[in-house]
Every structure is written in C-alpha cells, then in structure tokens.
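Going down the list, the protein sequences come from chains H and D. In terms of my numbering, the first sequence has 118 at position 116, counting the first letter as 1, and numbering is strictly consecutive. In terms of my numbering, the second sequence has 340 at position 338, counting the first letter as 1, and numbering is strictly consecutive.
There are 2 protein chains.
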Amino acid sequence: MAGKEGSGMVVRYAGRLGVVASVALNLAALALYIRRRFFGGSGSGDGGGGREIATVEPSKGKPLVTPDSVVNLDHGDPTMYEAFWRETGDRATIVIPGCQTMSYFSDVGGFCWFLEPGFEREVRRLHRLVGNAVVDGYHVLVGTGSTQLFQAALYALSPATDGAPMSVVSPAPYYSSYPAVTNFLNSGLYRWAGDANTFDGDTCIELVCSPNNPDGGIRKAVIESKSGKAIHDFAYYWPQYTPITEAAGHDIMLFTVSKCTGHAGTRLGWALVKDREVAQKMIKFIELNTIGVSKDSQLRAAKILGAVCDGYETSLDGEASRLFHFARQQMMERWSKLRAAVAASDIFTLPNELSNYCTFVKETITTNPPFAWLRCEKEGVKDLEGFLREHKIITRGGTKFGVDGRFVRVSMLDTDEAFNVFMDRLASLK
Amino acid sequence: MAGKEGSGMVVRYAGRLGVVASVALNLAALALYIRRRFFGGSGSGDGGGGREIATVEPSKGKPLVTPDSVVNLDHGDPTMYEAFWRETGDRATIVIPGCQTMSYFSDVGGFCWFLEPGFEREVRRLHRLVGNAVVDGYHVLVGTGSTQLFQAALYALSPATDGAPMSVVSPAPYYSSYPAVTNFLNSGLYRWAGDANTFDGDTCIELVCSPNNPDGGIRKAVIESKSGKAIHDFAYYWPQYTPITEAAGHDIMLFTVSKCTGHAGTRLGWALVKDREVAQKMIKFIELNTIGVSKDSQLRAAKILGAVCDGYETSLDGEASRLFHFARQQMMERWSKLRAAVAASDIFTLPNELSNYCTFVKETITTNPPFAWLRCEKEGVKDLEGFLREHKIITRGGTKFGVDGRFVRVSMLDTDEAFNVFMDRLASLK
Numbered sequence: 003m004a005g006k007e008g009s010g011m012v013v014r015y016a017g018r019l020g021v022v023a024s025v026a027l028n029l030a031a032l033a034l035y036i037r038r039r040f041f042g043g044s045g046s047g048d049g050g051g052g053r054e055i056a057t058v059e060p061s062k063g064k065p066l067v068t069p070d071s072v073v074n075l076d077h078g079d080p081t082m083y084e085a086f087w088r089e090t091g092d093r094a095t096i097v098i099p100g101c102q103t104m105s106y107f108s109d110v111g112g113f114c115w116f117l118e119p120g121f122e123r124e125v126r127r128l129h130r131l132v133g134n135a136v137v138d139g140y141h142v143l144v145g146t147g148s149t150q151l152f153q154a155a156l157y158a159l160s161p162a163t164d165g166a167p168m169s170v171v172s173p174a175p176y177y178s179s180y181p182a183v184t185n186f187l188n189s190g191l192y193r194w195a196g197d198a199n200t201f202d203g204d205t206c207i208e209l210v211c212s213p214n215n216p217d218g219g220i221r222k223a224v225i226e227s228k229s230g231k232a233i234h235d236f237a238y239y240w241p242q243y244t245p246i247t248e249a250a251g252h253d254i255m256l257f258t259v260s261k262c263t264g265h266a267g268t269r270l271g272w273a274l275v276k277d278r279e280v281a282q283k284m285i286k287f288i289e290l291n292t293i294g295v296s297k298d299s300q301l302r303a304a305k306i307l308g309a310v311c312d313g314y315e316t317s318l319d320g321e322a323s324r325l326f327h328f329a330r331q332q333m334m335e336r337w338s339k340l341r342a343a344v345a346a347s348d349i350f351t352l353p354n355e356l357s358n359y360c361t362f363v364k365e366t367i368t369t370n371p372p373f374a375w376l377r378c379e380k381e382g383v384k385d386l387e388g389f390l391r392e393h394k395i396i397t398r399g400g401t402k403f404g405v406d407g408r409f410v411r412v413s414m415l416d417t418d419e420a421f422n423v424f425m426d427r428l429a430s431l432k
Numbered sequence: 003m004a005g006k007e008g009s010g011m012v013v014r015y016a017g018r019l020g021v022v023a024s025v026a027l028n029l030a031a032l033a034l035y036i037r038r039r040f041f042g043g044s045g046s047g048d049g050g051g052g053r054e055i056a057t058v059e060p061s062k063g064k065p066l067v068t069p070d071s072v073v074n075l076d077h078g079d080p081t082m083y084e085a086f087w088r089e090t091g092d093r094a095t096i097v098i099p100g101c102q103t104m105s106y107f108s109d110v111g112g113f114c115w116f117l118e119p120g121f122e123r124e125v126r127r128l129h130r131l132v133g134n135a136v137v138d139g140y141h142v143l144v145g146t147g148s149t150q151l152f153q154a155a156l157y158a159l160s161p162a163t164d165g166a167p168m169s170v171v172s173p174a175p176y177y178s179s180y181p182a183v184t185n186f187l188n189s190g191l192y193r194w195a196g197d198a199n200t201f202d203g204d205t206c207i208e209l210v211c212s213p214n215n216p217d218g219g220i221r222k223a224v225i226e227s228k229s230g231k232a233i234h235d236f237a238y239y240w241p242q243y244t245p246i247t248e249a250a251g252h253d254i255m256l257f258t259v260s261k262c263t264g265h266a267g268t269r270l271g272w273a274l275v276k277d278r279e280v281a282q283k284m285i286k287f288i289e290l291n292t293i294g295v296s297k298d299s300q301l302r303a304a305k306i307l308g309a310v311c312d313g314y315e316t317s318l319d320g321e322a323s324r325l326f327h328f329a330r331q332q333m334m335e336r337w338s339k340l341r342a343a344v345a346a347s348d349i350f351t352l353p354n355e356l357s358n359y360c361t362f363v364k365e366t367i368t369t370n371p372p373f374a375w376l377r378c379e380k381e382g383v384k385d386l387e388g389f390l391r392e393h394k395i396i397t398r399g400g401t402k403f404g405v406d407g408r409f410v411r412v413s414m415l416d417t418d419e420a421f422n423v424f425m426d427r428l429a430s431l432k
C-alpha cells in the first residue's frame with residue numbers, strides 16, 4: 003500500500019510539474035517493502051535490544067543485520083558512529099528536568115529568537131577548531147535538519163515579485179532529494195530546473211554540494227551569472243570525509259549534526275549566513291513552518307558538539323576521544339575494503355581516489371566519501387539498483403540523481419555488520 | 003530592521019495572493035521591538051537566571067517581568083506550567099546518553115517510521131485517561147508542533163490534479179496563523195480563502211478549532227458539503243480549558259504538547275488520523291519537509307505525558323501531581339481576576355462564560371479559555387492592540403483574526419508575574 007502510494011506521488015509530481023522527479027526519500031515505502039519481503043510482517047516485538055536508557059522505552063531503530071538478511075544502504079544513516087559515542091560515557095549525556103526550556107523563546111533579545119545560545123556557542127567553537135568555515139561576521143541559524151534550512155534558503159532567495167518561479171539547479175549527479183523537496187508543494191516561488199550544466203535561463207539558485215552527494219566530488223559553483231545565487235550544502239565538509247583545504251566563506255553554508263557526529267535522529271542542522279536580510283527571511287520561514295526548532299535537540303547537540311571539541315582541546319584520553327580521527331580511521335578502512343572488493347570483481351567501477359593537504363590533520367590525506375558511487379560495467383545490467391536488490395542490497399539508483407541507471411549510491415556510514423555483509427555480497431557478484 | 007522585513011512580507015503576500023493576510027507569527031520583529039523599545043538593546047548578558055540544568059548552558063528564554071516592564075501576551079507561551087513541573091522532580095526528567103537514538107529510524111517496521119513507539123504509547127494512554135478523543139482505529143502521527151501537522155494535512159487533503167488550488171477556510175474569528183501558514187509558499191495545492199461563513203465555492207478544507215483560538219468558542223464544522231473536508235485543531239481540548247463532553251472521533255484531529263503540558267519549546271505535536279492513505283500522505287510531507295521529527299523531543303514528551311498519566315493513575319501525592327487539576331485551578335483563578343478587572347473597568351467586554359458537564363472531572367464546570375478575547379467599547383479606540391501597546395501590554399489585534407481592530411487576543415498562559423502586571427494595568431485603564 004505504501005509503495006503504491008509512493009508511486010502515485012511520483013506520477014502526481016510528473017503530471018503537475020512536468021518534472022520526472024522521483025520521490026527520493028520514499029522511506030515509508032521502503033520500510034514496508036523490507037518488512038513484508040524479508041521479515042514477514044513481524045518485527046514489532048517489544049524486545050528493545052538491551053539499550054541502556056533507563057527512563058523511557060528505547061527506539062526500535064532498524065533490525066539487526068545477519069549474513070542472510072537484507073542490507074539497507076539506501077540512506078546515509080550514520081549508525082557507524084554509535085561505537086564512538088558508546089565510549090564517551092557521561093561527557094555526552096544530556097539531562098533535561100521537566101521544567102526546563104518550556105517557553106517558545108530561547109533568546110528573545112537575540113537575532114534568532116529560537117536559537118539556544120549554548121548551541122550557537124558550540125557551533126562557532128567547532129568551526130574554529132576544524133577550520134572548515136568562517137564564522138566571524140556570520141549569523142548562525144538553526145533548523146530541523148539542514149533539509150528545513152535548505153527550504154528556508156530557497157524561500158529567502160526567491161524574489162518577492164509576481165513573476166515566474168525562481169529556477170533551482172544543481173550539476174548532475176545531484177542529491178536525489180533536491181528535486182522532490184523543491185517541488186513537493188508546487189510553490190509559486192521556486193521550481194526545480196534540473197542539471198546546472200545544461201541550464202540556460204537568466205537567473206537561478208544553484209545548489210553546490212561539496213563533497214558532493216552522491217559521488218564525493220569537490221565542487222565549486224558552475225553558474226557564473228551575477229544574478230545567480232548559490233546555496234553551499236556542506237553536510238560532508240568534515241575531516242573524516244575529505245581534506246579540509248580552506249575555511250569556506252560563502253553567502254549561505256548549510257551543515258548538519260547528522261553527518262558530522264552521526265546524530266541523525268536529533269534532526270538538527272545549522273546555517274552560516276552572511277547577509278542579515280537573507281538570514282531574517284530564513285528565520286521567518288522556520289517561524290511559519292514549525293514555530294522554531296526543538297530545544298531538546300539543541301541542548302543535546304550543544305552537549306555533543308561540546309564533547310567533540312573537548313575531545314581535542316581538553317581530554318586526556320588521546321585518540322579514543324577524537325571523533326574525526328576515529329571516524330576517518332573507520333572510513334579509510336571501509337574504503338580500502340571497498341576498493342579491494344571492486345577490484346576483485348570485474349563488473350564494477352568507482353570514481354578515482356582524490357587526495358589533498360588537510361589543514362586540520364596537517365598532512366596529505368585521501369578523500370573518504372560518505373557514499374560509494376558505484377557503476378556497473380556488466381552487459382545487460384541497466385538497472386543496477388534492481389540488480390542489487392535481487393541480492394538483498396538496497397541502494398539508490400542513478401536516475402534519482404539525474405544520471406543513468408547503471409549507477410547506484412551506497413551508504414558507507416552504516417554499522418560494521420551491515421557494511422561487512424555488503425562487502426561479502428559485492429565480492430561474490432561477477 | 004526585522005520589523006521592516008516583516009512588513010515587507012505582508013505586502014508581498016497581499017500583492018501576490020490578493021489576501022490581506024498579516025504575518026501572524028512575527029516573533030522576530032516583536033522580539034527586536036521589545037528589546038529596542040524597552041531594554042535599550044542589552045539583555046544579552048550571560049547571567050542565565052540560576053536554572054538548575056547542570057550539563058549545558060540554559061536557554062535565556064524571556065526576560066523577567068517587573069511592574070514597569072513590557073508584558074508580552076502576544077503568544078500563548080505556556081510558561082504558567084513551569085510551577086507544576088518544578089515540583090515533579092525526577093519523575094519528569096529525561097536522560098539521553100550520547101549513543102542513543104542516532105538513527106533516522108524510530109521503528110522501521112511500523113506504520114510511521116519516524117514515530118518513537120514510547121511516545122505513541124503515552125499518547126494513546128493519555129487520551130484514554132482524559133477521554134477527549136477516540137484512539138482505537140486511529141493512526142498516531144508525530145510532527146514538529148501541530149503547525150507542521152496542519153501543513154501535512156493540507157498537503158494530504160489537496161487533490162492531486164492540475165486544477166486550481168484547494169480553498170482553505172475557517173469561520174472568523176480564526177487563528178491568526180492559518181492564513182499566513184497556508185499561503186507563505188504560494189503553493190499551487192492549496193490557498194487561503196478566508197471566513198468559512200461567507201465561502202461560496204464548491205469544495206474546501208475547513209479548519210475547525212475547538213475550543214476556538216482566539217475566542218474560546220466551542221465549534222463544529224460549518225461547511226456541510228459532502229466534498230468538504232475538515233481538520234480538527236484540538237490544541238485546547240483539554241480539561242483545564244474546557245469541559246470534556248465527548249471522545250471526539252473526527253477524520254483528522256491535531257494536538258500539541260505545548261498547550262497540554264506547557265512544553266512549547268519541545269515543538270511536538272501529534273495527529274490522530276482515521277484514513278490510512280491520508281495518514282501516509284501526511285507522513286510523506288514530514289519526510290520531505292524535515293526527514294522525520296526530533297527523537298529527543300519525542301523521548302522527552304513520552305516522559306512528560308507518562309508523568310501526567312502516572313500523576314492520576316499511580317501517584318500518591320494527590321492534587322500536587324495532577325496536572326489538569328493544577329492547571330484548571332490556575333486558569334479559574336485567572337479568569338476570576340480577569341472578569342473582576344473587566345467589570346471594574348467600563349471600557350472592556352469579554353465573551354460570556356460557558357459551562358457544561360465534564361466527563362473527566364465528573365462535574366459541571368466553566369470554560370477557562372487559554373486566551374482572553376477582549377473587546378474595547380471606548381469611543382475612538384479602533385486599534386485596541388495599539389492602545390494597549392502604549393501601556394506596554396503586547397497583544398494580538400482583531401484584524402489578524404479576520405475581524406475588526408476593537409478586539410485583541412491576550413494570552414492567559416504566561417507566568418504569574420506577567421499576568422498580575424497585566425491585571426493591574428488593565429484595571430487602571432478607563
């Protein structure tokens with residue numbers, strides 16, 4: 003049923019907007035598919051899995067992966083990081099009494115009334131530590147994930163006239179959610195216009211994702227027009243994924259806790275915005291969309307980001323307390339295994355490995371993209387997503403990213419168990 | 003600056019849509035106004051106010067109210083409830099270790115993949131305790147406040163054809179956010195069409211808010227057409243505000259933690275939805291808008307709602323642990339003071355007091371609406387909001403609710419200090 007509904011939505015967008023935008027985040031449909039196909043509709047027992055939270059029933063999350071089960075690598079679900087946070091103990095634990103932060107307001111006299119001052123402070127501290135973005139002279143905004151801030155930026159950058167909707171573009175392959183999120187409300191303010199490389203209109207908003215989701219490429223804006231505006235999606239501009247080569251200083255830069263520390267369920271992103279009026283319009287969007295952002299998540303994220311900074315600045319534990327070093331080590335090992343498996347196979351290829359000097363770790367390092375952008379060279383396989391699904395590996399096919407179906411995007415951020423099962427299956431495919 | 007931007011937005015809506023919709027939630031502008039007008043731009047010191055949270059810098063919230071300061075009763079900021087939650091101790095405290103709920107998924111095999119099972123369980127338990135809504139046979143959905151769920155419902159109920167946008171109506175006086183939230187993205191799916199009493203189109207979505215924001219009226223849908231669809235906004239259908247007269251069983255019913263327990267900063271609402279396909283489309287909206295809802299807020303809300311139920315079902319503390327009785331007592335005292343102050347003045351009137359048998363408290367009780375819907379009878383005062391602002395009382399004027407400027411809406415849910423200053427000032431106005 004959910005799958006049917008999802009497909010219906012695709013037709014609806016296409017009919018309404020003339021865009022062959024697939025609904026990229028068809029999570030509910032996928033969940034039902036997995037449950038029905040592989041778990042026979044059960045999986046709703048109250049076991050809980052023995053997590054340590056004492057005060058509330060824990061989230062069920064995803065089922066454990068076994069050598070025979072389906073492996074869902076469709077989303078960049080960053081569960082790889084759990085191993086790090088299990089070791090941090092109380093340093094990353096948040097305690098919120100019942101009477102705390104009940105008001106809508108976080109800082110009624112501040113620039114952004116729903117931004118927790120403690121969260122803002124840790125965001126600025128983290129960027130100064132890592133050196134990946136300029137913070138002086140920037141407004142910090144908070145959103146329910148960077149997805150909400152992306153929509154807030156579209157709203158802020160679209161003109162207030164009665165003219166045609168602003169075109170929104172990104173070079174293919176582009177993040178599969180951009181078309182669907184831009185178009186789902188059929189807004190008169192902005193409209194998805196596809197691949198930036200072939201755009202020939204007068205003005206547009208360009209989405210610059212670097213490192214790029216899905217292929218890990220390092221990107222600059224390709225639209226040179228003076229009237230064009232760029233939104234820099236820096237979800238993955240962290241040292242575990244790519245060398246830090248400069249403190250970026252673009253007009254609008256989006257970040258997310260999900261991909262930095264692994265806390266996707268906290269649904270917290272932030273934006274660094276140079277222009278005051280643009281920032282004010284983004285605040286207005288979030289007021290109207292959700293009347294601010296969860297303070298519980300902001301308090302927790304402040305604690306988490308603070309623990310990351312403390313791990314570098316004040317901790318005596320050495321390597322064990324350094325998140326980016328832990329995560330980079332994990333990613334390097336995974337990429338090494340993946341490249342070996344792909345080399346052993348004769349039907350897949352990957353983008354070339356890149357390297358550069360990283361100002362954070364102070365040596366030349368390779369990139370370790372959060373996704374493998376896998377291409378199948380085997381004759382007759384034009385739908386790699388479907389081919390892998392037959393082997394119980396769930397990935398996201400190239401057509402959702404604006405290219406052909408010989409490509410798939412595979413998450414590199416899941417648990418060790420899921421990644422290792424993926425490696426075994428991949429090596430067996432000929 | 004922010005005020006200027008806000009006004010610009012009003013013109014933009016009006017120009018684009020032909021609607022004289024004011025931006026109801028102009029919080030940033032208000033915050034700046036208060037700061038500049040009454041605090042001289044300071045108020046950003048790091049004092050903190052001595053709250054008890056040990057692990058992160060506390061939210062600054064709103065400044066303390068003194069007899070000379072501005073009193074901001076524009077929003078229904080439910081800080082009145084803090085006094086109750088200060089007494090609950092650990093029963094309402096949430097502890098979240100760093101490694102908890104990191105995944106995007108709460109329940110991959112469930113109907114709503116981002117809904118924490120513990121939160122759903124407490125929602126159903128609370129409705130069974132209070133008896134204000136049917137839960138059997140309903141899907142429970144979670145949103146970033148009921149504001150997000152309202153938009154999700156508009157998305158789900160609007161037709162998937164290429165025709166004109168669906169009309170959205172509500173009888174005046176209607177909640178001031180409805181027009182702005184419906185129109186701010188200039189969606190081709192739905193469009194604000196004003197007062198339901200004067201609507202003469204073929205089909206529409208009717209927003210039924212009961213008890214009604216702003217005037218506390220008990221409402222039923224007024225559009226009888228078979229093709230019309232209703233969204234029931236039950237933010238205030240709780241025993242502290244109104245007698246519970248039935249377990250409501252409408253197609254879509256929206257609730258929010260903010261107005262039930264006072265935790266506005268948690269930004270958590272829920273919907274009870276009868277139809278499976280409608281619920282699936284609402285889930286899809288939340289996937290695309292914010293990729294789910296903060297798990298930290300869901301865990302906290304589960305704890306809070308559980309503490310409310312425990313207070314009635316298992317606690318030995320008696321009255322002190324019964325939230326709705328505490329809140330109803332507070333509201334009764336405030337309404338008694340307000341009616342006395344209005345009677346003492348000769349320039350204001352209020353809606354008549356209503357009463358009915360409440361199945362929850364099992365006696366006949368009066369309504370205690372969350373807002374005072376104040377009308378000024380004094381000659382020459384056509385802008386009551388402006389008149390009260392001159393006396394440093396910030397309220398929301400009638401034009402934002404679709405009626406004339408002789409009315410204002412005043413929050414009854416703020417702190418005792420703010421309410422008492424309001425009472426003193428009101429009694430002095432002749």
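Even glycine gets a Cβ: it sits at the ideal position worked out from N, Cα and C. This structure is a prediction, so every number in the text was calculated from the model and none was measured.
- By the Cβ test, the stretch 186 to 206 of chain D is not in contact with the stretch 127 to 143 of chain D, since fewer than three Cβ pairs between them sit closer than 8 Å.
- Residues of chain D whose Cβ lies closer than 7 Å to the Cβ of residue 265 of chain H are, in chain order, 104.
- Under the DSSP assignment, residue 359 of chain H falls outside any alpha helix (DSSP H), being part of the beta strand (DSSP E) whose first and last residues are 357 to 360.
- Scanning its chain for C-beta atoms nearer than 6 Å, with the 5 sequence neighbours on each side dropped, one finds around residue 270 of chain D the residues 259, 299 and 303, in chain order.
- Taking 7 Å as the cut-off, the Cβ atoms of residue 297 of chain D and residue 118 of chain D count as close.
- Interface flag for residue 182 of chain D against chain H is set, since a Cβ pair is found closer than 7 Å.
- It is roughly 14 Å from the alpha-carbon of residue 407 of chain D to the alpha-carbon of residue 216 of chain D.
- Going by DSSP, residue 314 of chain D is part of the alpha helix (DSSP H) stretching over 297 to 315.
- Pairwise C-beta distances place the stretch 381 to 398 of chain H in contact with the stretch 65 to 85 of chain H, as three or more of them are shorter than 8 Å.
- Taking each of D/262, D/279, D/181 and D/234 in turn and checking the Cα distance to residue 255 of chain D, the smallest one comes out for D/234.
- Put simply, the CB of residue 268 of chain H is near chain D, with a gap under 7 Å to one of its CB atoms.
- In this structure the stretch 101 to 119 of chain H does not touch the stretch 240 to 253 of chain H; the number of beta carbon pairs closer than 8 Å is below three.
- Within the same chain, 397 come within 6 Å of residue 390 of chain D by CB-CB distance, once the 5 residues on both sides are set aside.
- Contact annotation: in the stretch 318 to 340 of chain H, no residue has its CB less than 7 Å from a CB in chain D.
- Residue 97 of chain D belongs to the set of residues whose beta carbon lies under 7 Å from a beta carbon in chain H.
- Counting along the chain, residue 432 of chain D sits inside no beta strand (DSSP E), nor does DSSP assign it H or E at all.
- For residue 129 of chain H, no chain D residue has a Cβ inside 7 Å of its Cβ, as the nearest lies near 18 Å away.
- Using a 10 angstroms sphere on the CB of residue 83 of chain D, the tally of other CB atoms reaches 16 or more, which defines it as buried.
- Relative to the Cα of residue 172 of chain H, the nearest Cα in the group H/133, H/151, H/231 and H/376 belongs to H/231.
- If you look at residue 207 of chain H, you'll find it in the beta strand (DSSP E) that goes 206 to 211.
- For a cut-off of 8 Å, the C-beta gap from residue 225 of chain D to residue 206 of chain D is around 6 Å, short enough to register as a contact.
- Counting only residues of its own chain and dropping the five nearest sequence neighbours on each side, residue 346 of chain H has a CB closer than 7 Å to the CB of 429.
- Taking CB atoms only, residue 84 of chain H has a neighbour in chain D less than 7 Å away.
- Shown here, residue 74 of chain D sits in a strand according to DSSP, grouped into three states.
- Think of a sphere of 8 Å around the beta carbon of residue 150 of chain D: the chain H residues whose beta carbon falls inside it are 291 and 292, in chain order.
- Listed along the chain, the chain D residues whose CB falls inside 7 Å of the CB of residue 186 of chain H are 290.
- Listed along the chain, the chain D residues whose CB falls inside 7 Å of the CB of residue 64 of chain H are 105, 107 and 110.
- The stretch 344 to 363 of chain D makes no contact with the stretch 192 to 201 of chain D, as fewer than three CB pairs between them are under 8 Å.
- The beta-carbon of residue 415 of chain D is placed no less than 7 Å from the nearest beta-carbon of chain H.
- Taking one beta carbon from each stretch, the stretch 414 to 422 of chain D and the stretch 366 to 383 of chain D have 3 or more pairs nearer than 8 Å; the two touch.
- Close partners of residue 306 of chain H in chain D (Cβ separation under 8 Å): 100.
- According to the DSSP assignment, residue 179 of chain H belongs to the alpha helix (DSSP H) that extends over 179 to 185.
- Beta-carbon to beta-carbon, residue 352 of chain D and residue 341 of chain D are separated by about 7 Å, close enough to satisfy the 8 Å threshold.
- Per DSSP, the continuous alpha helix (DSSP H) segment holding residue 286 of chain D begins and ends at 278 to 292.
- Only residues of its own chain outside the window of five on either side were considered, and among them 169, 170, 171, 201, 203 and 206 have a CB closer than 8 Å to the CB of residue 195 of chain D, listed in chain order.
- One Cα belongs to residue 432 of chain D, the other to residue 349 of chain D, and the distance between them is close to 6 Å.
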